[in-house]
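Read through the structure below, which is laid out as structure tokens, and then see the notes.
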Amino acid sequence: MKLDNTQKVPYLPEDIPFNSEQTQWLGGFLAGLHTKLLVQEENQAPAQSQQVAVRPITIIYGSQTGNAESVAETAAEQAKSAGLTPTVLDMDDADLNQLAQNERLLVVTSTYGEGEMPDNAQNLWDAISADDAPSFANTHYSVLALGDTNYDDFCLAGIQWDERLEELGGQRVTTRVDCDIDFDTPASEWMDATLPEIAQRGNAGPADAASQPATTSSKKNKPKHNRQNPLSAELLTKKCLTSDGSSKETLHYEFSLAGSGEHYEAGDALNIIPINREDLVTDLIARLNSSPDAEINFDNQPLTLHTILKEHLEIRLPSKEFLAHLAGHSNDKSLALMLNDTEKLNDYLWGKDTVDLLGLFPDTAMTAEEFVGLCKPLAPRAYSISSSINYHPEEVHLTIGNVRYESHGRDHNGVCSTFLSDIADEGQTVKCYFAPNKHFAVPENHDAPMIMVGPGTGIAPFRAFLEERKATGANGDNWLFFGDRNRDTDFIYQDEIEQMQQDGLLTRLDLAFSRDQAEKVYVQDRMEENGKELFEWLERGGYFFICGDAFRMAKDVDKALHRVIEQHGSMSAEAAESYVNDLKKQKRYVRDVY
1 MKLDNTQKVP
11 YLPEDIPFNS
21 EQTQWLGGFL
31 AGLHTKLLVQ
41 EENQAPAQSQ
51 QVAVRPITII
61 YGSQTGNAES
71 VAETAAEQAK
81 SAGLTPTVLD
91 MDDADLNQLA
101 QNERLLVVTS
111 TYGEGEMPDN
121 AQNLWDAISA
131 DDAPSFANTH
141 YSVLALGDTN
151 YDDFCLAGIQ
161 WDERLEELGG
171 QRVTTRVDCD
181 IDFDTPASEW
191 MDATLPEIAQ
201 RGNAGPADAA
211 SQPATTSSKK
221 NKPKHNRQNP
231 LSAELLTKKC
241 LTSDGSSKET
251 LHYEFSLAGS
261 GEHYEAGDAL
271 NIIPINREDL
281 VTDLIARLNS
291 SPDAEINFDN
301 QPLTLHTILK
311 EHLEIRLPSK
321 EFLAHLAGHS
331 NDKSLALMLN
341 DTEKLNDYLW
351 GKDTVDLLGL
361 FPDTAMTAEE
371 FVGLCKPLAP
381 RAYSISSSIN
391 YHPEEVHLTI
401 GNVRYESHGR
411 DHNGVCSTFL
421 SDIADEGQTV
431 KCYFAPNKHF
441 AVPENHDAPM
451 IMVGPGTGIA
461 PFRAFLEERK
471 ATGANGDNWL
481 FFGDRNRDTD
491 FIYQDEIEQM
501 QQDGLLTRLD
511 LAFSRDQAEK
521 VYVQDRMEEN
531 GKELFEWLER
541 GGYFFICGDA
551 FRMAKDVDKA
561 LHRVIEQHGS
571 MSAEAAESYV
581 NDLKKQKRYV
591 RDVY
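If you're matching positions, the sequence shown starts at 1 in full-length UniProt numbering and goes up one per residue.
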């Protein structure tokens, strides 16, 4: 049998070895079969060509430490169950004009520092805040804001996004949800309320009209453990890094990951779940005129006051609700007057904890039950990881400075730092879980230069970066700016750093020990002293990283970077600002600050 290429109809060749009767029967059979196949094809064709309608949704996130990114990806997974086709975008990767064309939009953003946008959100926020921002009249949206009620500008970034989208004509689908540190439950409730509702808004379109297939932007492995299901990691090693005579106390910790199946990348963080110190719990129970064994209904179960205070609540730092209660029930109205004056209130609270405040306002007569109801849940503490798992298999390391001071006649101690140094012993397990930080990572290009600015414990992730580059055989140049108070006592990891120099792994090292000379010298001063070469490193594709204190150091380093670019790039202040913004957009200027 042959097929006519024009008609696509089967026919029998003349030289077929059959008699006339057989040939006639076979020809009729093939003709009937062909007709049946054509009918089937015609019946199936419409179904095959018909396109399935989809309802695309875009989810953008602004994230400093990875929490908002994680929530956005969870929302994307849940969106599929609501019949939506999600696209997850880092705000730095979102184009404002294209964003305005979306019929469905979710915004998930944290607030950084004192009411600031996260680093990856600033450029897009500047664009949408401009007078020429496009209309969002055809956009149905909802906002989830992540924050911390200990800060005055609680969830301000999310509030601003919500209000700006409304100003530009956006149609709010569900009310914005503002999450405190313990964000899992309210975030889940927001998704449950928002996704089915937003799925009903706007038009459906054909598959080829969808903005993107379901995608997420994370390139990191999702941790197996989380806050609800933490990993119990054995504490293998702890040792003090600072020398006798130091004004600081910085420790190095090593934890085992053996058998956990967990993996992390250099640049990620480890969340430690601490318990409160026994001395603080004892002082607090005494101030409350209660008993450790007093039973209180907590989270729908009876627990002793001692257990609640030690394992479940933030009892060192006062919550805003606690302060408001003190102000409202005290005969001393001074605190009430300060509640609306942030600067005065912060000055007044400096060095004080809840025990101090209960002593200063004894007439409030707060009961243990009232105190428990005014406290926030005990929050995990996130620490930048100071190791590479490729260099230290099945281990994770941390570098932590202890918080200790004397105030109001009492010793004060950091909750998590002294939990690890004073309470957790080697051989015991510590509850923890990983927090991926997608952008704060070693460049994928192994030849790209790295400039790392990390004074004090800010060196932690850069120890990890350098170990990662050694483990992977990366050839890129590495430049570290490190400093602290005194070289003799505070040069942590000195032996390792000097060995990295000798091995050629650390191309350049600039040190700034502020109190070793009459005039204080900081890392930003070293940057400007070497500004010409620093700018050259940026020009050849260098990545610029900062880790450490957000409120002074990071801001001073940022200003110094702008001055270096202005001077050695022969740019105006505006041009230097644009240059830095481009670095941020390319993820070549990244901060891990706190």
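Quick reminder that beta carbons are idealized off the backbone N, C-alpha and C, glycines included.
Since the model is a prediction, treat every value here as computed from it, not as a measurement.
Range covered by the beta strand (DSSP E) that runs through C179 | Position 179 of the sequence shown, counted from the first residue, corresponds to residue 179. Looking at the DSSP string, the run of the beta strand (DSSP E) that includes C179 is V177 to C179.
Alpha carbon to alpha carbon, how far is R227 from D293? Give it in angstroms, no decimals.
-> Along the sequence shown, read from residue 1 onward, the residue named residue 293 stands at position 293. Along the sequence shown, read from residue 1 onward, the residue named residue 227 stands at position 227. Cα to Cα, D293 sits roughly 27 Å from R227.
What's the C-alpha gap between K310 and I285?
-> Position 310 of the sequence shown holds residue 310. Position 285 of the sequence shown holds residue 285. Rounded to whole angstroms, K310 to I285 spans 11 Å at the Cα level.
Measure the alpha-carbon distance for P223 versus L270 and round it to whole angstroms.
-> For the purposes of this step, residue 223 is identified with residue 223 of the sequence shown, where counting begins at 1. For the purposes of this step, residue 270 is identified with residue 270 of the sequence shown, where counting begins at 1. Going from the Cα of P223 to the Cα of L270 covers about 11 Å.
Measure from the alpha carbon of G113 to the alpha carbon of each residue in M571, P134, S135 and L146, then state which is nearest.
-> Translated into positions along the sequence shown, residue 113 becomes position 113. Closest by alpha carbon: L146.
Confirm the yes/no value for this check: CB of D363, any heavy atom of the ligand ZN, distance under 6 Å.
-> No copy of the ligand ZN appears in this structure; indeed no ligand is present at all.
Local Cβ density within 10 Å of H329, reported as buried at 16 or more and exposed below that = The sequence position of residue 329 within the sequence shown is 329, counting from 1. H329 should be labelled exposed.
Would you decide whether E73 is buried or exposed? Buried here means 16 or more other CB atoms lie within 10 Å of its CB.
-> By one-based count along the sequence shown, residue 73 stands at place 73. Buried, by the Cβ-count rule.
Cα-Cα separation, E528 to T457 | By one-based count along the sequence shown, residue 528 stands at place 528. By one-based count along the sequence shown, residue 457 stands at place 457. Rounded to the nearest angstrom, the two C-alpha atoms are 22 Å apart.
Between S256 and M117, what straight-line distance do the alpha-carbon atoms span, to the nearest angstrom?
-> Against the sequence shown, residue 256 aligns to sequence position 256. Against the sequence shown, residue 117 aligns to sequence position 117. Near 36 Å, if we compare the C-alpha coordinates of M117 and S256.
Of all Cβ atoms in chain B, is any one closer than 7 Å to the Cβ of H392?
-> No chain B is part of this structure, which consists of one protein chain only.
Closest residue to V143 among D119, S188, A130 and A127 (Cα-Cα distance) | By 1-based counting over the sequence shown, the position of residue 143 is 143. Comparing Cα positions, the closest option is S188.
Paired residues, beta bridge with S246 - DSSP | Here residue 246 corresponds to residue number 246 of the sequence shown, with the count starting at 1. S246 is not bridged to any residue.
Taking Cβ positions, are P274 and C432 nearer each other than 7 Å?
-> For the purposes of this step, residue 274 is taken as residue 274 along the sequence shown, with counting starting at 1. For the purposes of this step, residue 432 is taken as residue 432 along the sequence shown, with counting starting at 1. Result no, Cβ atoms of P274 and C432 do not sit closer than 7 Å.
For the region 480-490 against the region 509-528, are there 3 or more C-beta pairs whose distance is under 8 Å?
-> yes
Closest by CA to C375, which one among H325, T472 and Q586?
-> For this step, residue 375 is matched to residue 375 along the sequence shown. With distances taken between Cα atoms, C375 lies closest to H325.
Name the residue from A100, L358 and S417 whose alpha carbon lies nearest to the alpha carbon of D132.
-> Residue mapping note: residue 132 aligns to position 132 of the sequence shown, counting from 1. When only C-alpha atoms are compared, the closest one is A100.
Option nearest N120 by Cα separation, candidates A157, N97 and A137 | In the sequence shown, the residue the question calls residue 120 occupies position 120. Measuring from the Cα of N120, the nearest candidate turns out to be A157.
DSSP three-state call for T237: helix, strand or coil?
-> Walking along the sequence shown from the start, residue 237 turns up at place 237. It is a strand residue.
Flag this pair as yes or no: are the beta carbons of A368 and L288 separated by less than 7 Å?
-> Counting from one through the sequence shown, the residue named residue 368 turns up at place 368. Counting from one through the sequence shown, the residue named residue 288 turns up at place 288. Against a cut-off of 7 Å, the Cβ pair of L288 and A368 comes out as a contact.
How far does the beta strand (DSSP E) with N271 in it reach, from first residue to last?
-> By one-based count along the sequence shown, residue 271 stands at place 271. Unbroken beta strand (DSSP E) run through N271: A269 to I272.
DSSP three-state assignment for W479, whether helix, strand or coil = By one-based count along the sequence shown, residue 479 stands at place 479. If DSSP states are grouped into helix, strand and coil, W479 belongs with the strands.
Reduced DSSP secondary structure (H/G/I, E/B, other) of G548 = Here residue 548 is taken as the residue at index 548 of the sequence shown, counted from 1. Correct three-state label for G548: strand.
Give the DSSP-derived three-state secondary structure of T6 in the structure shown.
-> For the purposes of this step, residue 6 is identified with residue 6 of the sequence shown, where counting begins at 1. Here the model assigns T6 a pLDDT of 42, short of 50, so the residue's position is not dependable and the matter cannot be decided.
Pull up the CB-CB distance for V372 and F298, whole angstroms please, since I reckon it's below 8 Å.
-> As a position in the sequence shown, residue 372 is number 372, starting the count at 1. As a position in the sequence shown, residue 298 is number 298, starting the count at 1. Between F298 and V372 the Cβ distance is about 7 Å, and since that is below 8 Å, they are a contact.
Sorted by chain position, which residues of the same chain lie with C-beta nearer than 8 Å to A448's C-beta, five sequence neighbours on each side aside?
-> In the sequence shown, counting from the first residue as 1, residue 448 sits at position 448. Answer for A448: G476, G541, G542 and Y543, listed in chain order.
Buried/exposed call for H252, threshold 16 Cβ in 10 Å = The count along the sequence shown starts at 1 and reaches residue 252 at position 252. With 16 or more Cβ atoms within 10 Å of its Cβ, H252 is classed as buried.
Between the CA atoms of V177 and F465 - distance to the nearest angstrom = By 1-based counting over the sequence shown, the position of residue 465 is 465. By 1-based counting over the sequence shown, the position of residue 177 is 177. Approximately 36 Å, taken between the alpha carbons.
By Cβ distance below 6 Å, which residues in the same chain neighbour V453 in space, the five residues on each side in sequence not counted?
-> Your numbering for residue 453 matches position 453 in the sequence shown. Closer than 6 Å at the Cβ level, and outside the excluded window around V453, lie F481, V523, I546 and V557.
Between T399 and S417, which are expected to be in contact by the criterion C-beta below 8 Å, what is the C-beta distance as a whole number of angstroms?
-> Here residue 399 refers to the residue found at position 399 when the sequence shown is read from its first residue. Here residue 417 refers to the residue found at position 417 when the sequence shown is read from its first residue. Actually they are not in contact, since the Cβ atoms of T399 and S417 sit about 11 Å apart, beyond 8 Å.
Which runs of the alpha helix (DSSP H) spanning at least 4 residues fall entirely within the region 249-311, listed in chain order?
-> 278-287 and 305-311
Residue range of the alpha helix (DSSP H) that includes N413 | Start at 1 with the first residue of the sequence shown, and residue 413 comes out as number 413. Not the alpha helix (DSSP H): N413 falls in the beta strand (DSSP E), residues R410 to N413.
Helix, strand or coil: how does DSSP classify T58 here?
-> For the purposes of this step, residue 58 is identified with residue 58 of the sequence shown, where counting begins at 1. Looking at T58 - three-state DSSP - the assignment turns out to be strand.
CA-CA distance, G504 and K532?
-> Counting from one through the sequence shown, the residue named residue 504 turns up at place 504. Counting from one through the sequence shown, the residue named residue 532 turns up at place 532. Their Cα atoms are separated by approximately 22 Å.
Give the straight-line distance between the Cα atoms of D148 and F154, rounded to the nearest whole angstrom.
-> If you number the sequence shown from 1, residue 148 lands on position 148. If you number the sequence shown from 1, residue 154 lands on position 154. Approximately 6 Å between the Cα atoms of the pair.
Rounded to a whole number of angstroms, what is the C-alpha to C-alpha distance between P86 and F183?
-> Counting from 1 along the sequence shown, the entry for residue 86 is found at position 86. Counting from 1 along the sequence shown, the entry for residue 183 is found at position 183. Spanning the two alpha carbons is a distance of roughly 22 Å.
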